[in-house]
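Residue numbering for the sequence shown follows our numbering, starting at 552 and increasing by one per position. Quick reminder that beta carbons are idealized off the backbone N, C-alpha and C, glycines included. Here is the structure we will look at.
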Amino acid sequence: MSTAAATAAATATTQTKFIKCVTVGDGAVGKTCLLISYTSNTFPTDYVPTVFDNFSANVMVDGQTVNLGLWDTAGQEDYNRLRPLSYRGADVFLLAFSLISRPSYENVSKKWVPELRHYAPRAPIVLVGTKLDLRDDRQFHLDYPGACTISTEQNLYKLSLDRVSCCNYESFIETNKEKPFFENMYRQTAVGNGQGLELKKQIGALAYIECSSKTQQNVKAVFDAAIKVVLQPAKKKKQKKRTVLVVLLRQGVCNSLISVNSHLCIIFKNSRVFGFCILTAYRNDLM
């Protein structure tokens with residue numbers, strides 16, 4: 552390699568920002584579909600449970616090349632011990648739930664946030680609601696009245712009643728009502744935008760985005776948000792200092808100004824009180 556080529560390669564390396572982005576969430580919420588839709592502009596039609604998988608994408612942000620390393624993880628409880636191995640060095644997490652699966656929404660705060668805060672307490676979180684195209688799809692809910700994802704202590708079941716016709720649907724329910732994935736079937740409801748925003752605030756996520764991997768609606772926005780929270784971390788608000796002073800005042804002392812720790816403090820006269828008075832000194836921002 553020539554000197555010029557080596558210099559160019561070194562320059563390119565120094566200008567490239569590497570970001571590790573890890574997706575987490577219940578099984579079958581669409582994490583893999585989200586990554587494939589973003590990296591290849593295609594939508595997989597077959598569901599294959601993920602163990603671990605990696606993707607990569609190069610993105611230009613303000614003239615800088617960003618190499619976005621995308622880590623796909625398994626949501627099933629069988630992989631609870633292996634999954635945290637992917638968390639090491641994560642710059643940002645995409646925490647996904649399905650907008651048509653209430654249990655996956657509830658597990659965000661019950662399961663996933665405690666796990667992430669344990670293994671990666673400082674990594675920012677982008678909350679993602681998937682399957683946006685199905686939330687308001689009336690035909691889907693008519694065709695698949697029992698389509699749901701139920702999380703139990705042992706397993707996560709994906710129920711799709713595409714083999715059950717309307718005429719034998721009730722008999723199918725009666726026959727299988729003792730099975731774990733029917734436990735919460737009738738409580739299955741879609742998750743609204745307001746509920747997603749409320750959850751974002753509750754868990755301290757830096758962004759909340761609803762998307763559809765099938766139609767690609769807001770898919771790019773999800774990863775743009777992930778890059779943004781890494782390159783432009785939120786600034787912590789500085790709280791104004793407030794000092795409580797205990798001073799001995801004598802009756803008849805006039806109001807005065809004193810300087811404490813470089814802050815301007817105002818002492819108020821209280822002619823009726825003799826002894827100890829608790830005074831509050833407020834920071835003067837003009838100093």
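- Assignment of Asn658 by DSSP, reduced to helix, strand and coil, places it in the helix class.
- Assigned with DSSP and collapsed to three states, Cys584 falls in helix.
- Counting only runs that start and end inside the stretch 632 to 692, the alpha helix (DSSP H) elements of at least 4 residues fall at 653 to 658, 664 to 670 and 683 to 686.
- Rounded to whole angstroms, the Cβ separation of Ser655 and Gly576 is 7 Å, and the two are in contact under 8 Å.
- In this structure, Ala647 and Leu585 form a Cβ contact; the two beta carbons are roughly 7 Å apart against a cut-off of 8 Å.
- In this structure, the straight-line span from the alpha carbon of Asp684 to that of Gln767 is close to 10 Å.
- Spatial neighbours of Thr616 in its own chain (CB-CB distance under 8 Å, excluding positions within 5 residues in sequence) are listed in chain order as Ala563, Gln566, Thr567, Lys568, Asn609 and Val610.
- Excluding five sequence positions before and after Ile760, the CB atoms of its chain that fall closer than 8 Å to its own CB belong to Val677, Leu678, Val679, Gly680, Asn769, Ala772, Val773 and Ala776, given in chain order.
- Rounded to whole angstroms, the separation of the alpha carbons of Asp629 and Gly578 is 11 Å.
- Cβ atoms of Ile587 and Thr593 come within 8 Å of each other, at about 6 Å.
- Judged by DSSP in its simplified three-state form, Lys568 adopts strand.
- If you ignore the 5 residues before and after Lys682, its C-beta comes within less than 7 Å of the C-beta of Gly581, Ser649, Leu650, Ile651 and Ser763, all in its own chain and listed in chain order.
- Between Tyr589 and Leu621, the gap from beta carbon to beta carbon is short of 9 Å.
- Linking Arg689 to Ile778 through their CA atoms gives a straight-line distance of about 34 Å.
- Here Asn658 is buried: its Cβ has 16 or more other Cβ atoms, across all protein chains shown, within 10 Å.
- One thing to note: Leu782 has its Cβ no nearer than 9 Å to the Cβ of Ser660.
- Straight-line spacing of the CA atoms in Arg634 and Thr574 works out to 11 Å.
- Under the 10 Å beta carbon count, Asp613 is surrounded by fewer than 16 other beta carbons and is classified as exposed.
- When the alpha-carbon of Ala671 is set against those of Phe644, Gln746, Ile754 and Arg653, the nearest one is in Phe644.
- Between the alpha carbons of Trp663 and Asp687 lies a gap of roughly 26 Å.
- When the alpha-carbon of Lys571 is set against those of Thr740, Tyr598, Arg668 and Tyr638, the nearest one is in Tyr638.
- Nearest to Arg653 by alpha-carbon distance, out of Gly755, Leu757, Arg632 and Ala741, is Ala741.
- Leu757 and Val780 do touch by the CB rule: their CB atoms are close to 5 Å apart, below 8 Å.
- DSSP lists Leu621 as the beta-bridge partner residues of Phe606.
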